[in-house]
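A.B. asks: Once you've had a glance at the structure underneath, I'll fire off some questions.
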Amino acid sequence: MIDQSEILTLLPEFKGCQKILSAIGDEARQHIIIRMLASNHSGEVRCGGMRVGEIAALSSLSRPAISHHLQILKDAGLLKMRREGTRNYYYFDADMIALQNLIGMLGHIQKIMARLPDRSGKNE
């Protein structure tokens, strides 16, 4: 049996993950994340981050659109930005607290779901 109070603890977990869920739910932002991850594993190491123009060159999005999406990813806690003079470099946050919170919430949901009764009708 599942304790209702345990289920109710999911509410603040969901609230705490709203920004990251929204950020990674958008196809354009998924594309940006994939491109940035791929660039870090290509022949040219970009451990210092990527600029908007570099990301735009790897996608079909305009620089203003890339900037908008990067800001959302930054606000969600997935990216950080470092400024060098007039240049902004975007990079993945090594701590990834937002991602750890999301993984924790999904793990919590999985534990609850594992204790639910089988309703598929296969065991009848």
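Residues are numbered in my numbering as their position in the sequence shown, beginning at 1, plus a constant of 4. Note that the Cβ used here is the ideal one computed from N, Cα and C, for glycine as well. If you're wondering where the values come from, they're calculated on a predicted model, not measured in any experiment.
Name the one or two DSSP bridge partners that Leu-83 has.
C.D. replies: Working through the sequence shown from its first residue, we reach residue 83 at position 79. Its beta-bridge partners are Phe-96.
A.B. asks: Which residue marks the beginning of the alpha helix (DSSP H) containing Ile-116, and which one marks its end?
C.D. replies: Counted from its first residue, the sequence shown places residue 116 at position 112. Counting along the chain, the alpha helix (DSSP H) containing Ile-116 begins and ends at 101-118.
A.B. asks: How big is the Cα-Cα spacing for Glu-58 and Tyr-93?
C.D. replies: Sequence index remark: in the sequence shown, residue 58 carries index 54 (1-based). Sequence index remark: in the sequence shown, residue 93 carries index 89 (1-based). Rounded to the nearest angstrom, the two C-alpha atoms are 10 angstroms apart.
A.B. asks: My assumption, with CB atoms under 8 angstroms, is that Asp-97 sits in contact with Leu-110. Please give the rounded CB distance.
C.D. replies: Translated into positions along the sequence shown, residue 97 becomes position 93. Translated into positions along the sequence shown, residue 110 becomes position 106. Going by Cβ atoms, the distance from Asp-97 to Leu-110 rounds to 19 angstroms, so no, they are not a contact pair.
A.B. asks: Using the three-state DSSP reduction, which class does Arg-67 fall into: helix, strand or coil?
C.D. replies: Indexing the sequence shown from 1 puts residue 67 at position 63. Residue state, collapsed to three classes: helix.
A.B. asks: Just mark Gly-53 as buried or exposed, buried being the case when its beta carbon has 16 or more other beta carbons within 10 Å.
C.D. replies: The count along the sequence shown starts at 1 and reaches residue 53 at position 49. Looking at its Cβ environment, which holds 16 or more other Cβ atoms inside 10 Å, Gly-53 is buried.
A.B. asks: Out of Arg-55, Ser-43, Ser-71, Lys-78, state which residue places its alpha-carbon closest to the alpha-carbon of Ile-101.
C.D. replies: Locating residue 101 in the sequence shown gives position 97, counting from the first residue. When each option's Cα is compared against that of Ile-101, the closest is Lys-78.
A.B. asks: Does the Cβ of Ala-60 have 16 or more other Cβ atoms within 10 Å, making it buried, or fewer, making it exposed?
C.D. replies: Within the sequence shown, the letter at position 56 stands for residue 60. Result: buried.
A.B. asks: Please confirm if the segment 67-81 is in contact with the segment 15-35, defined as three or more CB-CB distances below 8 angstroms between the two stretches.
C.D. replies: yes
A.B. asks: Name the two residues that bound the continuous alpha helix (DSSP H) containing Ile-36.
C.D. replies: As a position in the sequence shown, residue 36 is number 32, starting the count at 1. Unbroken alpha helix (DSSP H) run through Ile-36: 31-43.
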